[in-house]
Amino acid sequence: MTSKYGLLVLNSKNLQKLKQLLTTAAASLSSRLYVRFNPDTDRTDDLVSKIYLNSANFCPKIDVRLVVAEIAGKIDNYELIGDEKYEKSSGKSEKKYKKVVLGGTFDRLHNGHKVLLNKAAELASDDIVVGVTDKEMIAKKSLFEMIEPVEIRMKNVVDFVEDISGEAKCLTEPIIDPFGPSTRIQDLEAIVVSRETLKGADAVNKIRNEHGMSQLDVIIVELVEGNDEILNETKISSSSRRRADLGRLLKPTRQVPRGNGKPYLIGLAGGIASGKSHIAKYLKEKHGFDVIDCDKLAHTCYEKGSVLNQKIAEHFGKDIVIDGVVDRKKLGGIVFSDKSKLRELSELVWPEVRKKATEIAEQSTARVVVLGKAQKILNFEKILKIPKKSKKQFTVIEAAALIEAGWHEALAETWTVFVPAEEAVRRVVERDNLTESQAKDRMSSQISNKQRIDASNVVLCSLWKYEETRAQVDRAVEELLKRI
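Residues in the sequence shown are numbered consecutively from 1, following full-length UniProt numbering.
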């Protein structure tokens with residue numbers, strides 16, 4: 001049986017057993033490990049970094065916190081890791097500053113962040129001011145669409161800092177420029193930075209000087225080492241943690257009733273050129289999922305002389321349809337540059353898709369999606385023609401507009417595939433022989449990657465080699481099988 005919280009007391013003797021002690025903590029605890037130095041041990045920056053680096057390697061699932069103040073609550077509440085007993089400090093240590101400032105994204109708070117925040121907690125007696133980047137400040141980060149909401153990131157920073165710092169308060173605020181509170185608060189005394197953000201501290205002091213404000217002492221903290229060959233990073237980073245979350249369940253699934261013998265329904269969404277169809281094919285061929293391609297079903301409604309083509313000619317102009325065939329490129333130029341026109345086209349297409357699917361359902365026992373209007377939330381148990389005893393355990397509903405239409409709300413879970421916008425543009429230009437401007441117009445008609453991801457349970461990214469994408473899908477399927 002594991003305990004929720006643990007306490008590791010370090011001194012000059014047991015430091016040599018740090019890796020062994022952290023391994024014990026990983027096996028003994030389920031949530032958090034507090035680490036404290038006994039009075040005979042000097043607290044150095046190198047030692048703090050060493051503790052957090054080894055924690056990342058030997059107990060990565062445990063929230064390790066190196067405390068600056070006394071341990072909160074009763075010692076009996078913690079499982080002691082190792083034999084070293086906790087000793088209270090003989091007196092209150094004086095801190096060098098009253099107020100310090102630092103900034104960062106602090107997504108998926110990790111041990112690299114903790115080194116910076118620990119340093120601030122060591123130095124400040126009153127206030128630790130933290131600017132947390134948001135909006136334009138995070139848009140260039142790798143997989144930025146998966147960054148946690150700023151409110152969650154600020155809350156996590158406050159929770160950590162005030163838990164380890166004792167009496168010092170942590171004041172956070174979202175920032176949308178490189179400086180935030182550092183150039184606004186008069187009585188700050190120091191700024192904590194990593195070596196890679198040192199130039200930012202110099203810029204802060206330059207602005208403070210121009211405004212007649214005191215100069216801040218610059219405290220440099222070395223980054224905690226890590227390695228991510230895919231993202232080409234050599235430090236513990238939030239980007240690497242976001243990549244590690246690809247293919248994992250990011251939010252709880254929906255409790256959707258499922259009849260006996262009926263498959264578990266998964267929505268698969270993705271924007272233009274996201275790699276959605278490749279992943280659907282892989283799920284079908286490698287993992288044996290049924291896949292219902294709603295987009296392909298819609299395309300069959302554009303057959304020469306079809307009722308849909310006649311409606312399109314009446315609505316968008318007779319020059320769009322030549323000899324009974326829709327000029328898809330000309331139609332695309334209209335609807336992909338105007339969201340209202342795209343919605344009008346959808347309202348023409350989906351009733352025809354419904355008719356087509358009904359015809360197929362009457363002729364075959366195959367599972368077919370009969371889609372209603374985009375603004376309706378559909379009952380997939382009713383609209384899928386699924387035999388009572390399906391041979392397949394999982395059915396994937398592949399549809400580009402799955403989330404826009406609200407269909408995901410009727411499914412147990414939704415998986416979204418994405419690539420950064422600039423990569424999608426490149427792919428569309430190459431695949432469809434469009435100009436960059438035309439590709440961007442087409443993409444502007446869609447919801448953003450961020451909107452899809454926020455509505456999804458599992459996220460996949462096809463930016464890298466096929467092997468990496470397939471590894472994400474394999475991980476998603478493995479976790480799916482464990483869930484249900």
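C-beta: ideal position from N, C-alpha, C; glycine also.
Rounded distance between the beta-carbons of residue j and residue i, thought under 8 Å
i, j, result
"residue 67", "residue 106", "Residue 67 to residue 106, Cβ: 19 Å. No contact."
"residue 65", "residue 164", "5 Å"
"residue 460", "residue 415", "6 Å"
"residue 150", "residue 170", "That pair is no contact at about 15 Å."
"residue 179", "residue 117", "Not confirmed; about 19 Å, so no contact."
"residue 471", "residue 403", "Actually they are not in contact, since the Cβ atoms of residue 471 and residue 403 sit about 25 Å apart, beyond 8 Å."
"residue 222", "residue 195", "6 Å"
"residue 411", "residue 267", "4 Å"
"residue 274", "residue 418", "5 Å"
"residue 87", "residue 38", "5 Å"
"residue 130", "residue 109", "11 Å between Cβ atoms; not a contact."
"residue 204", "residue 183", "6 Å"
"residue 452", "residue 269", "6 Å"
"residue 320", "residue 331", "5 Å"
"residue 294", "residue 168", "Not confirmed; about 55 Å, so no contact."
"residue 19", "residue 54", "6 Å"
"residue 56", "residue 236", "6 Å"
"residue 198", "residue 479", "Between residue 479 and residue 198 the Cβ distance is about 40 Å, and since that is not below 8 Å, they are no contact."
Sequence-distant residues of its chain with Cβ nearer than 6 Å to residue i (five each side left out)
i, result
"residue 7", "34, 78 and 80"
"residue 135", "176"
"residue 147", "107 and 138"
"residue 362", "Residue confidence for residue 362 is low, a pLDDT of 38 falling below 50, so the modelled location carries little weight and cannot support an answer."
"residue 325", "304"
"residue 24", "81"
"residue 36", "9 and 67"
"residue 509", "Limits of the chain in this structure are 1 at one end and 484 at the other, which puts residue 509 out of reach."
"residue 3", "29 and 79"
"residue 215", "205"
"residue 413", "253, 266 and 457"
"residue 477", "287"
"residue 337", "441"
"residue 120", "100, 102, 128 and 192"
"residue 256", "412"
Own chain, CB closer than 8 Å to residue i, minus 5 neighbours either side, in chain order
i, result
"residue 63", "31, 32 and 33"
"residue 252", "457"
"residue 123", "95, 96, 97, 100, 190, 192 and 219"
"residue 376", "Here the model assigns residue 376 a pLDDT of 36, short of 50, so the residue's position is not dependable, and the following value carries that caveat. Cβ within range, chain order: 405 and 406."
"residue 61", "26"
"residue 83", "14"
"residue 209", "215"
First through last residue of the beta strand (DSSP E) which encompasses residue i
i, result
"residue 266", "264–270"
"residue 24", "No beta strand (DSSP E) contains residue 24, which is instead part of the alpha helix (DSSP H) from 18–28."
"residue 219", "217–221"
"residue 169", "169–175"
"residue 4", "3–10"
"residue 63", "63–66"
Segment limits, alpha helix (DSSP H) that includes residue i
i, result
"residue 52", "45–58"
"residue 159", "150–165"
"residue 294", "294–299"
"residue 98", "No alpha helix (DSSP H) contains residue 98, which is instead part of the beta strand (DSSP E) from 97–104."
"residue 411", "No alpha helix (DSSP H) holds residue 411; DSSP gives it neither H nor E."
"residue 441", "436–444"
"residue 280", "276–287"
"residue 200", "198–210"
"residue 117", "111–123"
"residue 488", "Residue 488 is absent from the model: the chain starts at 1 and stops at 484."
"residue 424", "421–432"
"residue 481", "466–483"
"residue 453", "449–454"
Close beta carbons around residue i, own chain, < 7 Å, minus the five adjacent residues each side
i, result
"residue 272", "424, 428, 442, 443 and 446"
"residue 12", "40 and 41"
"residue 390", "The predicted model places residue 390 with a pLDDT of 45, which falls under 50 and marks its position as unreliable; any figure quoted below should be read in that light. Answer for residue 390: 261, 262 and 263, listed in chain order."
"residue 473", "247, 279, 282, 283 and 460"
"residue 434", "428"
"residue 316", "331 and 334"
"residue 217", "189 and 190"
"residue 436", "425 and 429"
"residue 22", "54, 55, 58 and 59"
Cβ of residue i within 9 Å of any chain B Cβ
i, result
"residue 464", "Among the protein chains of the structure shown there is no chain B, as only one such chain exists."
Which ranges does the alpha helix (DSSP H) cover as unbroken runs of at least 4 residues, wholly within the region 292–341, from first to last along the chain? For the region 292–341, whole alpha helix (DSSP H) runs of length 4 or above, ordered along the chain, are 294–299, 307–316 and 328–335.
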